[in-house]
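**Q** Pasting in a structure now, in structure tokens, and then I'll have a few things to ask.
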Amino acid sequence: FFSLVTLSLRLSAQEVFNYDELKVGNLPLPAVLTPAVKNAADWQRNRRPEILRLFTTQMYGVFPGKPPHMHTQVQLVDSNALGGKAISKQVRLFLAAGDQAPFMDILLFLPKESKKPVPVFIGCNFLGNHTVSGENNILVKKVAHPVALGFQERRWEVARLIENGYALATYHYGDLEADSTDGWKTGIRTTLQQELKTAPDAWAALSVWGWGLSRLLDYLETEKAVDAKRVIATGHSRLGKAALWAVANDPRFAAVISNNSGEGGAALSTRWYGETIERINTRFPYWFTDAYKQYNKKPETLPFDQHMLLALIAPRPLYVASATEDLWTDPKGEFLAARAAGPVYALFKYEGVGVSEMPAPDHPVGKRIRYHVRTGKHDILWYDWEQYIKFANEELP
Ligand code: GTR
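Okay, structure coming up:
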């Protein structure tokens, strides 16, 4: 049905955004598997590191390890959260020694009833921890956005996750780097450069935000109520891009869910449809390293595409979700990338999306790689979460 959309949006003389499937072009996808890769061991040993290196050097930059002097300070525990169904914990995670060190504030909700450690969905939030839940004891930071408590509650559905036996943990991505051109100057790329032995321009904002998810996972490994072997990274839009990159780098993550991540996330970049490499690099130059700018005008020279990022998740469960009205993210490009990661999952005897054509709206397809295109806009709704819960129940029993 996307081919029915035959609109090309002309925004300026130089920049034309295409929404016509007939004009997308037919660039061949770079091969995720080479003839030398005969089995899963060859993939893990040779091809996977090669591809990870491409994304590191050409696009997202480095993904540093754990800083040596991390420490935590519990700020508030409520053992009667969400009307008595949950325990909420607010923990400050300092990323270097001392109480003046850069930090990220973690908000964790745990189901109260569970007798054994629970799986947990984690993700960065856009507007501050206090927007994830309307509970009135969530700490609001001075620097936080002036938006109401629980402002984005419906995007998180904490109570329903808890009812389904899942914990939820989140941090505000702005804790690590403000989402603006100059954000790196006051963010951890600058303040932690000695600690991490990493120059500010060796990585970029998406990698920073994804790296925060790994630090959140470090914390969860110390949390007895959580099953740290079942930590599912999620993210919407730019934060979905960050989640994919984090899980590609950090093997401790059990699974990843990309919600409308689009260009630079789950969507193929070499398709001329919706957002383009040039556009994203121009609007958000600090999301990617400088190396990525070389492809602005020549996407056909890219030695990789985003299906290869998805393949780096294998053999772990991967969910890619699009939305019908979210054409900017190129839903079909997301489906095709998910499909093209399939051969790598097959090396591990796992089934991918299982179909060759894009499914109808609201009809999830696939198994270990799952895909749906929800009716509606660029957003994350209960429909999406319902599918993610079902997926996690099935693939991470
Ligand atoms: C848009 C951007 C997308 C996506 C989105 C979002 O402006 O072009 O790549 O990241 O923002 O994060 O909501």
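If you count the sequence shown from 1, you need to add 15 to reach the UniProt record's numbering. Glycine included, every Cβ here is placed at the ideal spot set by N, Cα and C. Fair warning: this is a prediction, and the values are worked out from it, not measured in the lab.
Relative to the C-alpha of Asp-305, which candidate in Trp-58, Pro-215 and Gln-167 has its C-alpha closest?
**A** Numbered from 1 along the sequence shown, position 290 holds the residue referred to as residue 305. Per the C-alpha coordinates, the member of Trp-58, Pro-215 and Gln-167 positioned closest to Asp-305 is Pro-215.
**Q** Only counting the same chain, and skipping five residues up and downstream in sequence, which positions put a Cβ closer than 8 angstroms to that of Leu-19?
**A** Within the sequence shown, numbered from 1, the residue matching residue 19 stands at position 4. Confidence at Leu-19 is low in this model, with a pLDDT of 41, below 50, so its placement is unreliable and the value that follows should be read with caution. Answer for Leu-19: no residue qualifies.
**Q** Nearest CA to the CA of Val-207: which residue from Trp-224, His-187, Ala-258 and Ala-111?
**A** For the purposes of this step, residue 207 is taken as residue 192 along the sequence shown, with counting starting at 1. Position check: residue 207 holds Leu in this sequence, whereas Val was assumed. Taking only the C-alpha atoms, the option nearest Leu-207 is Ala-111.
**Q** With respect to the alpha helix (DSSP H) encompassing Met-119, which residues constitute its N-terminal and C-terminal limits?
**A** Position 104 of the sequence shown, counted from the start, is the residue given in the question as residue 119. It is not in any alpha helix (DSSP H) - Met-119 instead sits in the beta strand (DSSP E) that spans 118–126.
**Q** Span of the alpha helix (DSSP H) holding Asn-151?
**A** Taking the first residue of the sequence shown as 1, we reach residue 151 at position 136. For Asn-151, there is no enclosing alpha helix (DSSP H), since its DSSP letter is neither H nor E.
**Q** Whose C-alpha, out of Phe-32, Arg-175, Leu-259 and Tyr-301, is nearest the C-alpha of Ala-101?
**A** Taking the sequence shown and counting its residues from 1, one reaches residue 101 at position 86. The shortest C-alpha separation from Ala-101 is found at Arg-175.
**Q** Per the DSSP calculation, Ala-338 is bridged to which residue(s)?
**A** Position 323 of the sequence shown, counted from the first residue, corresponds to residue 338. According to DSSP, which records beta bridges pairwise, Ala-338 is partnered with Arg-389.
**Q** Looking only at C-alpha atoms, which of Gly-143, Glu-168, Arg-389 and Glu-178 sits nearest to Gly-99?
**A** Taking the first residue of the sequence shown as position 1, residue 99 is located at position 84. Among Gly-143, Glu-168, Arg-389 and Glu-178, the Cα nearest to that of Gly-99 belongs to Glu-178.
**Q** Measure how close the beta-carbons of Ala-281 and Ile-328 come, nearest whole angstrom, since I'm counting them as under 8 angstroms.
**A** Counted from its first residue, the sequence shown places residue 281 at position 266. Counted from its first residue, the sequence shown places residue 328 at position 313. Between Ile-328 and Ala-281 the Cβ distance is about 10 angstroms, and since that is not below 8 angstroms, they are no contact.
**Q** Out of Trp-287, Lys-256 and Asn-151, which one is the CA nearest neighbour of Asn-274?
**A** Stepping through the sequence shown from its first residue, residue 274 is reached at position 259. Comparing Cα-Cα distances from Asn-274 to each of Trp-287, Lys-256 and Asn-151, the minimum goes to Lys-256.
**Q** Under the rule that 16 or more other beta-carbon atoms within 10 Å means buried, what is Ser-222, buried or exposed?
**A** Start at 1 with the first residue of the sequence shown, and residue 222 comes out as number 207. With 16 or more Cβ atoms within 10 Å of its Cβ, Ser-222 is classed as buried.
**Q** For Leu-411, which residues from the same chain have a beta carbon less than 8 angstroms from its beta carbon, with the 5 sequence-adjacent residues on both sides left out?
**A** By 1-based counting over the sequence shown, the position of residue 411 is 396. So the list reads Pro-134, Arg-245, Ile-247, Ala-269, Ala-270 and Pro-332, once near-sequence residues are dropped.
**Q** Applying the 10 Å Cβ sphere with the 16-neighbour rule, what's the burial state of His-378?
**A** Here residue 378 refers to the residue found at position 363 of the sequence shown. Exposed is the call here.
**Q** How big is the Cα-Cα spacing for residue 442 and Ser-94?
**A** Given a span of 16 to 412 for the chain in the structure shown, any question on residue 442 remains unanswerable.
**Q** Mapping DSSP to helix, strand and coil, what is Ile-395?
**A** Taking the sequence shown and counting its residues from 1, one reaches residue 395 at position 380. Ile-395 falls in the coil class under three-state DSSP.
**Q** Cβ of Gly-227 within 7 angstroms of any heavy atom in ligand 1?
**A** The residue you call residue 227 lines up with position 212 of the sequence shown. The answer is no for Gly-227.
**Q** Within 10 Å of its beta-carbon, does Ala-338 have 16 or more other beta-carbons around it, so buried, or fewer, so exposed?
**A** Against the sequence shown, residue 338 aligns to sequence position 323. Ala-338 should be labelled buried.
**Q** Tell me which residue opens and which closes the beta strand (DSSP E) that Ala-353 is part of.
**A** Position 338 of the sequence shown, counted from the start, is the residue given in the question as residue 353. No beta strand (DSSP E) contains Ala-353, which is instead part of the alpha helix (DSSP H) from 346–355.
**Q** Return the Cβ separation of Ala-353 and Ile-384 in integer angstroms, given the expectation that the two are a contact with Cβ distance under 8 angstroms.
**A** Residue 353 sits at position 338 when you count from the first residue of the sequence shown. Residue 384 sits at position 369 when you count from the first residue of the sequence shown. Correct: roughly 5 angstroms between the Cβ atoms.
**Q** Just to confirm, is the Cβ distance from His-393 to Thr-344 under 8 angstroms?
**A** What you label residue 393 is simply residue 378 of the sequence shown in a count that begins at 1. What you label residue 344 is simply residue 329 of the sequence shown in a count that begins at 1. Taking 8 angstroms as the Cβ cut-off, His-393 and Thr-344 qualify as a contacting pair.
**Q** Ignoring anything shorter than 4 residues, give me the alpha helix (DSSP H) runs that lie fully in the region 61–123, in order along the chain.
**A** 63–70
**Q** Less than 7 angstroms between the CB of Ile-295 and some heavy atom of ligand 1, yes or no?
**A** Walking along the sequence shown from the start, residue 295 turns up at place 280. Indeed, a heavy atom of ligand 1 lies less than 7 angstroms from the Cβ.
**Q** Going along the chain, which residues of its own chain have a beta-carbon closer than 8 angstroms to the beta-carbon of Val-380, five neighbours each way excluded?
**A** As a position in the sequence shown, residue 380 is number 365, starting the count at 1. For Val-380, same chain residues with a beta-carbon under 8 angstroms away, outside a window of 5 residues either side, are Val-368, Gly-369, Val-370, Pro-374, Tyr-386 and His-387 in chain order.
**Q** Check whether the Cβ of Gly-279 sits closer than 7 angstroms to any heavy atom of ligand 1, and report yes or no.
**A** Here residue 279 is taken as the residue at index 264 of the sequence shown, counted from 1. Under cutoff, so the answer is yes.
**Q** In the DSSP assignment, what are the bridge partners of Asn-54?
**A** The residue labelled residue 54 in the question sits at position 39 within the sequence shown. In the DSSP assignment, no residue is bridged to Asn-54.
**Q** Going by beta carbon distance, what residues of the same chain come within less than 6 angstroms of Leu-396, once the five residues before and after it are set aside?
**A** Walking along the sequence shown from the start, residue 396 turns up at place 381. Result list for Leu-396: empty, nothing under 6 angstroms.
**Q** Starting from the Cα of Thr-285, find the closest Cα among Asn-140, Gln-167, Asp-242 and Leu-42 and give me that residue.
**A** Position 270 of the sequence shown, counted from the start, is the residue given in the question as residue 285. When only C-alpha atoms are compared, the closest one is Leu-42.
**Q** Select from Val-162, Thr-291 and Tyr-234 the residue whose C-alpha is nearest the C-alpha of Met-85.
**A** Counted from its first residue, the sequence shown places residue 85 at position 70. The option with the nearest alpha carbon to Met-85 is Tyr-234.
**Q** Let me confirm a value: Ala-407 is counted as buried when at least 16 other C-beta atoms fall within 10 Å, else exposed. Which label applies?
**A** Along the sequence shown, read from residue 1 onward, the residue named residue 407 stands at position 392. Ala-407 is buried by the Cβ-count criterion.
**Q** If we call anything under 8 angstroms between Cβ atoms a contact, is Thr-49 one with Arg-62?
**A** Position 34 of the sequence shown, counted from the first residue, corresponds to residue 49. Position 47 of the sequence shown, counted from the first residue, corresponds to residue 62. Cβ atoms of Thr-49 and Arg-62: closer than 8 angstroms.
**Q** Provide the residue span of the beta strand (DSSP E) that contains Ala-270, from first to last.
**A** Looking up residue 270 in the sequence shown gives position 255. Where Ala-270 is concerned, the enclosing beta strand (DSSP E) stretches over 270–274.
**Q** Determine the direct distance from the alpha carbon of Glu-372 to that of Val-355, and round the result to whole angstroms.
**A** The residue given as residue 355 occupies position 340 in the sequence shown. The residue given as residue 372 occupies position 357 in the sequence shown. Just to set this straight, residue 355 is Ala in the shown sequence, not Val. Approximately 12 angstroms, taken between the alpha carbons.
**Q** Keeping to the same chain, check which residues put their C-beta closer than 8 angstroms to that of residue 7; ignore five residues upstream and five downstream.
**A** Outside the shown range of the chain, which is 16 to 412, sits residue 7, and nothing can be said about it.
**Q** Across which residues does DSSP place Gly-250 in a beta bridge pair?
**A** Numbered from its first residue, the sequence shown carries residue 250 at position 235. According to DSSP, which records beta bridges pairwise, Gly-250 is partnered with Ser-273.
**Q** Please return the same chain residues whose Cβ sits closer than 7 angstroms to the Cβ of Gly-165, not counting the five positions on each side in sequence.
**A** Position 150 of the sequence shown, counted from the start, is the residue given in the question as residue 165. Excluding positions up to five away in sequence, the list reads Thr-146, Ser-148 and Gly-149.
**Q** Suppose contacts are defined by Cβ-Cβ distances below 8 angstroms. Is Pro-82 in contact with Leu-211 by that definition?
**A** As a working mapping, residue 82 is identified with position 67 in the sequence shown. As a working mapping, residue 211 is identified with position 196 in the sequence shown. At a Cβ-Cβ threshold of 8 angstroms, Pro-82 and Leu-211 count as neighbours.
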